[in-house]
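Down below is the structure, laid out as structure tokens.
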Amino acid sequence: MREHTTTTPSLAAQVVLLAAIILFCLFPFYWMVLTSLKTQIVALQTPPAWIFDVTFSNYYDVLFDNAVARSLVNSLIVAVLTTFLAILLGTPAAYALARFEFRGKKELWFWFITNRMVSPIVLALPFFLIVRSFDMLDTHVVLILIYLTFNLPIVIWICTDQFRSIPREIDEAAILEGASQWRIFFSLCLPLAAPGIAVSAIFSFIFSWNELMYALVLTRSAAKTAPAMAVSFMEGYSLPYGKIMATSTLIVVPVIIFALIASKQLVRGLTMGAVK
Amino acid sequence: MLQKTQDLERPAPKESSNAGTVSLGTFLGFLSPAVVTLAAIGIAPLAFAIWTSMRDYNLTRLQRTPFVGLENYATVLTDSVFWDAMGRTFTLLLIALPMQIAAGLGIALILHRPGLTFLKTIARLSLVIPMATTYAVVGLLGQIMFNLKYGVVNQLLGFIGIAPVNWIGDPTNAFAAIVFWDVWQWTPFCALVFLAGLTTVPGEIEEAARLETKSWWTVLRYVQLPFLVPGLTAVLILRTADTLKQFDMVFTMTRGGPGSSTELISLLIQRIGFRAFDQGLASAQAVILLVITIVLSRLYIHFFYREI
């Protein structure tokens with residue numbers, strides 16, 4: 001039984017384990033950035049080079065390549081506008097869920113949670129046919145709308161929780177002074193809910209920016225987003241490794257910055273608040 | 277019912293508060309924009325998918341889309357291709373999830389211990405990186421790092437004397453590569469969920485237990501485990517749903533190949549709908565997937581949102 005009663009692993013063992021965890025998490029990221037700084041000749045060396053003359057030409061190529069630069073702009077347009085719309089539509093609904101009593105509330109919740117689980121392919125098929133019949137394939141607005149299917153529930157969830165944490169006395173005092181619900185919402189509760197709104201905006205941005213399948217199915221060139229662009233690099237005969245990784249780095253870095261800002265809320269967001 | 281959940285510390289003064297009752301106009305004004313939008317983009321297409329699923333609906337001959345009743349469903353349910361894809365999806369889940377849970381729990385237990393604060397903060401922030409990495413980029417990285425000739429994975433394996441492995445080109449190895457990236461990306465999620473669970477253990481209880489026994493296992497089993505159950509349940513259900521959703525990373529890395537060795541359910545539906553153009557059959561598959569998803573969501577609700 002002695003083996004089972006070991007105490008805390010020694011400090012040295014802990015340091016080694018922690019270093020291994022950090023290395024495991026960061027290595028692919030490191031390798032992506034490293035490859036993005038290689039010329040094609042260096043990238044095709046066997047075995048792969050760890051030390052080489054760094055070049056920024058891939059970034060130069062990518063940023064001055066019309067298609068890639070445009071895809072990054074497209075991603076930005078889509079992610080920002082869908083986030084804005086999700087906040088605009090979602091915060092009043094969240095407020096209603098936090099403050100009003102009504103029948104069917106449970107069903108509404110159920111529906112929001114279901115959206116978190118539904119595979120995008122389930123919606124992609126009919127959405128494609130509908131959008132095609134309206135002749136609106138390859139437009140920003142289509143992506144902006146379809147992304148609301150996952151952004152709106154996340155905004156509503158996080159903001160409902162945030163509104164609930166605001167004491168009701170504030171509302172009640174304002175009601176006694178004759179303020180309307182809209183006034184209370186806009187002038188009192190919305191500013192107090194700013195942290196929750198910011199976090200849900202970050203989530204909404206990350207999910208939209210990262211999305212691939214809808215972009216693949218619903219865009220061709222004019223509205224193509226950066227992840228779809230990066231994937232289309234892989235269709236050529238010889239793969240431009242450096243350029244692919246430079247594009248990837250440009251896609252990933254903003255997401256990582258946002259995710260680190262919201263890192264304390266990450267788990268709550270990904271579990272729809274089931275785990276605090 | 278709502279009052280119960282939100283005014284825990286103070287019983288709601290029902291008669292004096294009219295915050296819960298508002299005019300119908302106000303109520304609709306707040307709620308309907310979101311609900312109508314979500315219904316239009318989230319439910320109307322589903323209705324259309326069900327309609328499509330009962331027709332012979334091929335993108336190459338749209339002039340004629342005859343009604344075929346439940347024929348597509350019969351085809352799907354007896355189609356070994358569909359069940360093979362489902363089987364692969366659950367194989368991925370059954371291999372990757374235990375690893376994610378075990379490693380995640382280990383990481384959480386280390387991070388939960390006091391001491392080495394700086395290193396642990398770095399580790400916690402590092403955990404965010406895999407979760408935040410764009411799934412499509414993970415797939416691209418997979419192609420590059422697991423490349424037979426130029427890949428760093430084979431180089432690292434070479435250091436410990438293992439001959440180069442053909443990862444992407446071999447059915448079993450390609451599946452292993454997918455398992456690897458799934459574990460890389462979602463072990464941090466498990467770790468952070470469990471870490472959140474561990475911090476809910478009251479400090480005095482944990483300290484008292486540590487005075488009683490020196491065994492970390494006893495503490496984990498009898499003191500910490502009850503607090504980890506909600507997180508574990510969440511992980512089980514969400515990872516199942518996310519594996520059923522899994523598309524981006526696998527599509528970018530292997531396109532479902534070689535052969536159909538990595539064709540998960542979402543990739544199969546995408547192939548049937550957009551590369552074989554059989555929207556009717558693909559819609560039937562999607563509807564079946566949706567039903568499974570709804571069951572999972574019900575479970576999730578049942579465990580976590582009883583009080584809403």
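First to last, the protein sequences are chains A and B.
Be aware that the first sequence starts at 1, since it is given in my numbering, and climbs by one per residue.
Be aware that the second sequence starts at 277, since it is given in my numbering, and climbs by one per residue.
Think of the CB as a built atom: it goes at the ideal place given N, C-alpha and C, for glycine as much as any other residue.
All of these numbers come straight from a predicted model, not from anything done at the bench.
May I ask you to list the residues that DSSP assigns as paired with residue i?
i: F343 of chain B; result: B:R331
i: D554 of chain B; result: B:N334
For residue i, which of the options has the nearest alpha-carbon?
i: P153 of chain A; options: A:A201, A:R183, A:S75; result: A:A201
i: Y426 of chain B; options: A:L18, A:I41, A:I22, A:F29; result: A:I41
i: F503 of chain B; options: B:R486, B:T530, B:I319, B:E482; result: B:E482
i: V428 of chain B; options: A:I244, A:P47, A:W209, A:K243; result: A:P47
i: L346 of chain B; options: B:S559, B:Y581, B:V571; result: B:S559
i: L26 of chain A; options: B:V414, B:A325, B:L575; result: B:V414
i: L34 of chain A; options: A:A69, A:I22, A:I51; result: A:I51
i: E211 of chain A; options: A:I175, A:S238, A:I146; result: A:I146
i: V78 of chain A; options: A:E235, A:A274, A:I166, A:P227; result: A:P227
i: V131 of chain A; options: B:I541, B:L565, B:I386, B:A320; result: B:A320
i: L468 of chain B; options: B:I405, B:W457, B:V526; result: B:I405
i: W460 of chain B; options: B:P342, B:L373, B:L496; result: B:L373
i: I257 of chain A; options: B:L401, B:I317, B:A378, B:A517; result: B:L401
i: L108 of chain A; options: B:T489, B:A315, B:L496; result: B:A315
i: F358 of chain B; options: B:R574, B:Y581, B:I564, B:A510; result: B:I564
i: F394 of chain B; options: A:R168, A:A259, A:V15, A:G273; result: A:V15
i: I166 of chain A; options: A:N151, A:L190, A:D53, A:L63; result: A:L190
i: V54 of chain A; options: A:W31, A:S36, A:V275; result: A:S36
i: I568 of chain B; options: B:P506, B:D518, B:R331; result: B:D518
i: R364 of chain B; options: B:V455, B:D332, B:A399; result: B:V455
i: L44 of chain A; options: A:G273, A:L239, A:G269; result: A:L239
i: A300 of chain B; options: A:V231, A:V73, A:A94, A:F102; result: Before going further, note that residue 300 of chain B is Leu rather than Ala in the sequence given. Per the Cα distances, A:F102.
i: P28 of chain A; options: B:M407, B:A323, B:L381; result: B:M407
i: V571 of chain B; options: A:M234, A:L18, A:R116; result: A:R116
i: Y349 of chain B; options: B:L385, B:K490, B:G556; result: B:G556
i: F233 of chain A; options: A:E172, A:V62, A:M136; result: A:V62
i: R531 of chain B; options: A:F150, A:V231, A:R183; result: A:V231
i: F205 of chain A; options: A:A259, A:A173, A:D171; result: A:A259
Measure the Cβ-Cβ separation of residue i and residue j and say whether it is below 8 angstroms.
i: M229 of chain A; j: S71 of chain A; result: yes
i: P120 of chain A; j: F550 of chain B; result: no
i: A193 of chain A; j: F163 of chain A; result: yes
i: I545 of chain B; j: Q561 of chain B; result: yes
i: T271 of chain A; j: L512 of chain B; result: no
i: T82 of chain A; j: S208 of chain A; result: yes
i: T91 of chain A; j: I261 of chain A; result: no
i: L23 of chain A; j: P309 of chain B; result: no
i: P534 of chain B; j: G445 of chain B; result: yes
i: Q419 of chain B; j: M529 of chain B; result: yes
i: F306 of chain B; j: A96 of chain A; result: yes
i: A223 of chain A; j: L148 of chain A; result: no
i: Q181 of chain A; j: V311 of chain B; result: no
i: V68 of chain A; j: T247 of chain A; result: yes
i: L540 of chain B; j: A325 of chain B; result: no
i: F186 of chain A; j: F303 of chain B; result: no
i: F118 of chain A; j: L432 of chain B; result: Note on identity: in this sequence residue 118 of chain A is Val, with Phe being the wrong assignment. In this structure, L432 of chain B does not lie closer than 8 angstroms to V118 of chain A by Cβ.
i: F553 of chain B; j: T367 of chain B; result: no
i: P464 of chain B; j: V275 of chain A; result: no
i: L387 of chain B; j: A399 of chain B; result: yes
i: V352 of chain B; j: M330 of chain B; result: no
Q | the segment 252 to 266 of chain A touching the segment 435 to 455 of chain B, judged by at least three CB pairs closer than 8 angstroms | A | no
Q: Count the CB pairs spanning the segment 471 to 479 of chain B and the segment 446 to 457 of chain B that are closer than 8 angstroms, and state whether there are at least three.
A: no
(Q) Three Cβ pairs or more, each shorter than 8 angstroms: is that satisfied between the segment 205 to 216 of chain A and the segment 111 to 125 of chain A? (A) yes
Q) What residue ranges within the segment 501 to 532 of chain B form continuous alpha helix (DSSP H) runs of no fewer than 4 residues, ordered along the chain? A) 501 to 521, 524 to 530
Q. Touch check for the segment 477 to 497 of chain B and the segment 530 to 546 of chain B: three-plus C-beta pairs under 8 angstroms?
A. no
**Q.** Complete runs of the alpha helix (DSSP H) confined to the segment 194 to 224 of chain A [at least 4 residues]
**A.** 194 to 210, 213 to 218
Q: Spell out a yes or no on whether the segment 239 to 248 of chain A and the segment 142 to 160 of chain A are touching, meaning 3 or more CB-CB pairs, one atom from each, closer than 8 angstroms.
A: no
Q. At which residue ranges does the segment 91 to 155 of chain A contain complete alpha helix (DSSP H) runs of 4 or more residues, listed in the order of the chain?
A. 105 to 117, 120 to 133
Q: Determine contact between the segment 105 to 112 of chain A and the segment 258 to 267 of chain A, defined as no fewer than three beta-carbon pairs at a distance below 8 angstroms.
A: no
Q: With a floor of 4 residues, list each alpha helix (DSSP H) that falls wholly inside the segment 16 to 60 of chain A, ordered by position along the chain.
A: 40 to 43
Q. Going along the chain, which unbroken runs of the alpha helix (DSSP H) with 4 or more residues stay wholly within the segment 392 to 420 of chain B?
A. 393 to 408
Q: Please list the segments of the alpha helix (DSSP H) lying wholly inside the segment 355 to 384 of chain B, counting only runs of 4 or more residues, in order along the chain.
A: none
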